[in-house]
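J.:
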Amino acid sequence: MVGNRYQSWGRYPKVNQEARNLYWRDDPLPVEAVADKTFLPFGNGRSYGDVCLNDGGMLFDCRHLDHFIHFDANTGVFRCEAGVLLSEVLQLTVAKGWFLPVTPGTQFVTVGGAIANDVHGKNHHKAGTFGQHVRCFELLRSDGSRIFCSPNDNNKFYKATIGGLGLTGVIAWAEIQLQPVHNAFIDQEIIRYKNLDEFFALARGSDETFEHTVAWIDCLAKGKQLGRGLFIRGNYADVFEGKAPTLSKMRLIFPVDPPFALINGLTLKLFNTLYYRKQWTDRVKGLVHYQPFFYPLDAIHAWNRIYGSKGFFQYQCAIPTDEMEGAIRELLERIGEAGIGSFLAVLKLFGDRPSPGLLSFPMPGATLALDFPNNGEKTLRLLDQFDEVTRSAGGRVNPSKDARMRPEDFQQRYPNWTKMTDYMDPHISSSFWRRVTESS
Amino acid sequence: MRNTLVIGATSAIAQATARLFAEAGDALFLVARDVNKLAVTADDLKIRGASAVHTASLDVLNFDRHQSVIDAAIETLDGLDLVLIAHGTLPDQKDCEQSFEITKKAFEINALGTISLLTHLANYFEQKGEGTIAVISSVAGDRGRQSNYVYGSAKGAVTIFLQGLRNRLTKSGVSVLTIKPAFVDTPMTAFFSKGLLWAKPSAVATRLERLIAKQTDEAYIPGYWRLIMLVIRFIPESIFKKLSL
């Protein structure tokens, strides 16, 4: 056990809170331990900002709710407790021909966390969000009641809980519909492209025929090369004969907190240039295991420590289709002007399948995700500038990644937030929720 | 694939270990007190690959039922290859000091209950002439300390009982494994604040499975506790009695 388990992935903000483990789904919630404070369900701490934190309150750690309940290998219907990690689901189901319907960029999130944050992945344009594949779940409330939720039962709680940031209750278990696959591999193609226009052309041309698409951007490139990067697309591999590509079992761990962030101008330039040039040809095609394809960063355990103890911010915005080309260009230009690069810059087009979630983040258009080391005011000012671009383009910021957006922006861009109060558990609160709602 | 009996099957260490048994395809017979938790555990292990999962509810304090539950396991699985005994409670030392009733109950659960089960199982395995008996004891059983000597002496009794049993059963080809976990992050220890020395049940399980395969006699989990306990046991009693441990 390295470090404090009860912090978010960005390790910002730092908070004071207590925690209680939940062990059995049939047990009532230990509300007596909460007394006059509030509590918040906690999964595996992979959201970046403060949606998983409850400063001055209590966390109910759901990670030990990790029992499988039912798996039908004929239909791909899978039911488990909410603390099961996506990695644990895959370990069980891939060999039997089933994959997650939607997965985020790390497999170390819990099923409950994936629902509460209504996560999306490289297949959003085809499959929508995680919540759209949740057949049903059970919600535990502080008054001892249990609410069975599905599209047909308690539909309003179902919608408020998907993307509901844990505020409606503790998800005890959930049932999801898995996606059939032939094997553990992805038929992948990586295309080096030269600028933002090429990105949009590639993305539009790929989203029909490729299940998964995403681009990594060299965000230090400027001018005519602005937005250049690698476009990665793939489909679940067909049945194939012959030798399967090998999967490295090596797992690195980032063992210490460096005294300062190791991400700085020099290392960024080096990494971005090397990564852009990592392949000799403009197009590389081949079979890869699902782990490096979906979870390249999971190979480095605790990679968030590379940013030092002050932590980092992720900025992820969604921009509606009509405005996306201009807004993404402007965001990238501002990064260039600021001279603060993002180690990871990921760009993807969202599809138009609406999520049932009241507070779900994706919208038809484009999404850009950026990481910045926490350099205090300077970083916050830069992110405020990004907000201006996002705001005027009619876009919004992802709460699961956020630690600093303004209450006005949240309330305007997530107009359903007022409906949440009808379904929230009166004893649940989070640092995020207080931050974006109470100061209004 | 083994025929495996797990007693105290809903405990955190037993569950984590039984998951490895299930992944290896074992046929399992699970025994625990709470029927609900037993069912939750059984469903989980079945999905994880156990070739069969059977359950029986038993309160270990109900000594009269020990023989019949063990007989049921032997009959249902058509013989046993491996037994893991993992039930137990951690009594509050201060409560024990005020009440012999609480002390007695702690002994009945942690020492006598285990010894009763082992008495029946030993005779079965001795006659069978092969198999493994693995029992969760504790580092607390190595030396009495003021902070938990009731739990410690109960576990100490189990450790010494197992030494004798091992001595007796070796010639019958039966392996007896005493496991002494140190600090493990489980519901039993939920109210302790956890530091660096705490291990996860899944880590304990991985090592336990390896110890069973190697037919080890006695082992600490994590392994470095062997050194810590070597030092603890080496301290002369005249000094030890003055320490606040």
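In order, the protein sequence lines correspond to chains Z and L. Heads up, the first sequence is in the numbering used here, so the first residue is 1 and it goes up one at a time. Heads up, the second sequence is in the numbering used here, so the first residue is 441 and it goes up one at a time. Don't be surprised by glycine CBs; every beta carbon is placed ideally from N, CA and C. Bear in mind that the values here come from a model prediction, so they are computed numbers and not experimental data.
What is the residue span of the beta strand (DSSP E) that P320/Z lies within?
T.: Position 320 of the first sequence, counting from 1, holds the residue named residue 320/Z. From DSSP, the beta strand (DSSP E) with P320/Z extends over 312–320.
J.: In three-state terms, what does DSSP make of T450/L?
T.: Locating residue 450/L in the second sequence gives position 10, counting from the first residue. DSSP places T450/L in coil when its eight states are reduced to three.
J.: Examine chain L for any beta-carbon lying closer than 8 Å to the beta-carbon of L92/Z, and answer yes or no.
T.: Along the first sequence, read from residue 1 onward, the residue named residue 92/Z stands at position 92. For L92/Z, the answer is yes, since a Cβ of chain L falls inside 8 Å of its Cβ.
J.: Under 8 Å between beta-carbons, which chain Z residues line up against R488/L? List them in chain order, please.
T.: Locating residue 488/L in the second sequence gives position 48, counting from the first residue. By Cβ distance, chain Z contributes F68, L92.
J.: Just mark P356/Z as buried or exposed, buried being the case when its beta carbon has 16 or more other beta carbons within 10 Å.
T.: As a first step, residue 356/Z must be located in the first sequence, where it is residue number 356. Burial call: buried.
J.: For R583/L, collect the residues of the same chain with a Cβ closer than 7 Å to its Cβ; drop the 5 residues on either side in sequence, then sort them by chain order.
T.: For the purposes of this step, residue 583/L is identified with residue 143 of the second sequence, where counting begins at 1. Only I672, R673 meet the Cβ criterion.
J.: According to DSSP, simplified to helix, strand and coil, what is E198/Z?
T.: Locating residue 198/Z in the first sequence gives position 198, where the first residue counts as 1. If DSSP states are grouped into helix, strand and coil, E198/Z belongs with the helices.
J.: Which residues in the same chain as D218/Z place their Cβ atom closer than 6 Å to its Cβ, once the five residues preceding and following it in sequence are excluded?
T.: What you label residue 218/Z is simply residue 218 of the first sequence in a count that begins at 1. Around D218/Z: R228, G229, N272, Y276.
J.: Could one say the Cβ of N21/Z lies closer than 8 Å to chain L's Cβ atoms, at least one of them?
T.: Within the first sequence, the letter at position 21 stands for residue 21/Z. Judged by the 8 Å Cβ criterion, N21/Z is in contact with chain L.
J.: Between E677/L and K595/L, what straight-line distance do the alpha-carbon atoms span, to the nearest angstrom?
T.: Position 237 of the second sequence, counted from the first residue, corresponds to residue 677/L. Position 155 of the second sequence, counted from the first residue, corresponds to residue 595/L. Approximately 20 Å between the Cα atoms of the pair.
J.: Would you call the region 358–369 of chain Z in contact with the region 32–48 of chain Z, where contact means no fewer than 3 C-beta pairs closer than 8 Å?
T.: In short, these stretches do not touch, since the Cβ pair count stays below three.
J.: Express the C-alpha separation of T437/Z and A369/Z in angstroms, rounding to a whole number.
T.: Within the first sequence, numbered from 1, the residue matching residue 369/Z stands at position 369. Within the first sequence, numbered from 1, the residue matching residue 437/Z stands at position 437. Approximately 24 Å between the Cα atoms of the pair.
J.: Considering C536/L, what are the terminal residues of the alpha helix (DSSP H) in which it resides?
T.: Walking along the second sequence from the start, residue 536/L turns up at place 96. Taken as a continuous stretch (DSSP letters only), the alpha helix (DSSP H) holding C536/L covers 533–538.
J.: Find the nearest neighbour of R473/L within the set S451/L, R488/L, A464/L, judged by alpha-carbon distance.
T.: Residue 473/L sits at position 33 when you count from the first residue of the second sequence. Out of S451/L, R488/L, A464/L, S451/L has the C-alpha closest to the C-alpha of R473/L.
J.: So, is the C-beta of D26/Z closer than 8 Å to a C-beta in chain L?
T.: If you number the first sequence from 1, residue 26/Z lands on position 26. It does; some Cβ of chain L falls within 8 Å.
J.: T103/Z and F71/Z look like a contact to me (Cβ under 8 Å); what is the Cβ gap, rounded to whole Å?
T.: Taking the first residue of the first sequence as 1, we reach residue 103/Z at position 103. Taking the first residue of the first sequence as 1, we reach residue 71/Z at position 71. No, T103/Z and F71/Z are not in contact; Cβ-Cβ is about 17 Å, not under 8 Å.
J.: Do the CB positions of A462/L and L468/L come within less than 8 Å of each other?
T.: Within the second sequence, numbered from 1, the residue matching residue 462/L stands at position 22. Within the second sequence, numbered from 1, the residue matching residue 468/L stands at position 28. Cβ distance < 8 Å, so A462/L and L468/L count as in contact.
J.: Helix or strand or just coil, what does DSSP make of W216/Z?
T.: One-based indexing of the first sequence puts residue 216/Z at position 216. In the structure shown, W216/Z sits in a strand (DSSP, three-state: E or B).
J.: Determine, using beta carbons only, whether F312/Z comes closer than 8 Å to chain L.
T.: By one-based count along the first sequence, residue 312/Z stands at place 312. No, F312/Z lies away from the interface with chain L (no Cβ there is under 8 Å from its Cβ).
J.: How is the alpha helix (DSSP H) around E189/Z delimited, first residue to last?
T.: As a first step, residue 189/Z is located in the first sequence; it is residue number 189 there, counting from the start. Taken as a continuous stretch (DSSP letters only), E189/Z belongs to no alpha helix (DSSP H), being part of the beta strand (DSSP E) at 185–193.
J.: Verify the CB distance criterion: does F39/Z have a CB-CB separation below 8 Å to chain L?
T.: Taking the first residue of the first sequence as position 1, residue 39/Z is located at position 39. Not closer than 8 Å to any Cβ of chain L, the Cβ of F39/Z fails to qualify, so no.
J.: Using CA coordinates, which residue listed in L605/L, L498/L, G635/L, A639/L is at the minimum distance from D657/L?
T.: Here residue 657/L corresponds to residue number 217 of the second sequence, with the count starting at 1. When each option's Cα is compared against that of D657/L, the closest is L605/L.
J.: At least one CB of chain Z closer than 8 Å to the CB of V480/L: is that the case?
T.: Locating residue 480/L in the second sequence gives position 40, counting from the first residue. For V480/L, the answer is yes, since a Cβ of chain Z falls inside 8 Å of its Cβ.
J.: In angstroms, rounded to a whole number, what distance separates the CA positions of A513/L and F503/L?
T.: Residue mapping note: residue 513/L aligns to position 73 of the second sequence, counting from 1. Residue mapping note: residue 503/L aligns to position 63 of the second sequence, counting from 1. The alpha-carbon atoms of A513/L and F503/L are separated by roughly 16 Å.
J.: Under 7 Å from any heavy atom of the ligand MN, does the C-beta of Y660/L make it?
T.: The ligand MN is absent from the structure shown, which contains no ligands of any kind.
J.: Can you check whether the CB of F108/Z is closer than 8 Å to the CB of N44/Z?
T.: Start at 1 with the first residue of the first sequence, and residue 44/Z comes out as number 44. Start at 1 with the first residue of the first sequence, and residue 108/Z comes out as number 108. For N44/Z and F108/Z, yes; Cβs fall inside 8 Å.
J.: Report the residue from P13/Z, Q177/Z, V34/Z, Y48/Z whose alpha carbon sits nearest the alpha carbon of S429/Z.
T.: As a working note, residue 429/Z is residue 429 in the first sequence. Ranking P13/Z, Q177/Z, V34/Z, Y48/Z by Cα distance to S429/Z puts V34/Z first.
J.: How should G205/Z be labelled, buried or exposed, when 16 other C-beta atoms within 10 angstroms of its C-beta is the threshold for buried?
T.: Here the question's residue 205/Z lines up with position 205 in the first sequence. By the 10 Å Cβ count, G205/Z comes out exposed.
J.: Mind checking if F71/Z is an interface residue toward chain L, Cβ cutoff 8 Å exclusive?
T.: Mapped onto the first sequence, residue 71/Z falls at position 71. Interface residue, yes.
J.: Per DSSP, which residues does V181/Z bridge with? Please list them.
T.: In the first sequence, residue 181/Z corresponds to position 181, counting from 1. The partner list for V181/Z (beta bridge, DSSP) is empty, contrary to what the question assumes.
J.: Can you tell me the Cα-Cα spacing of L524/L and D511/L, whole angstroms?
T.: For this step, residue 524/L is matched to residue 84 along the second sequence. For this step, residue 511/L is matched to residue 71 along the second sequence. Roughly 16 Å between the two C-alpha positions.
J.: Report the rounded CA-to-CA distance for Y23/Z versus A116/Z, giving the unit in angstroms.
T.: Along the first sequence, read from residue 1 onward, the residue named residue 23/Z stands at position 23. Along the first sequence, read from residue 1 onward, the residue named residue 116/Z stands at position 116. Their Cα atoms are separated by approximately 19 Å.
J.: Under 8 Å between the Cβ atoms of I619/L and I573/L?
T.: Residue numbering aside, residue 619/L sits at position 179 when the second sequence is read from its first letter. Residue numbering aside, residue 573/L sits at position 133 when the second sequence is read from its first letter. The answer is no: Cβ separation not under 8 Å.
J.: Using the Cβ count rule (16 or more neighbours within 10 Å means buried), how would you classify A172/Z?
T.: The residue labelled residue 172/Z in the question sits at position 172 within the first sequence. The residue is buried, with at least 16 neighbouring Cβ atoms inside 10 Å.
J.: Roughly how far, in whole angstroms, is the beta-carbon of A366/Z from the beta-carbon of I300/Z, given that I think they are within contact range, below 8 Å?
T.: Locating residue 366/Z in the first sequence gives position 366, counting from the first residue. Locating residue 300/Z in the first sequence gives position 300, counting from the first residue. About 27 Å separates the two Cβ atoms, so there is no contact after all.
J.: Starting from T418/Z and walking both ways along the alpha helix (DSSP H), at which residues does that stretch end?
T.: For the purposes of this step, residue 418/Z is taken as the residue at position 418 of the first sequence. 417–420 is the extent of the alpha helix (DSSP H) around T418/Z.
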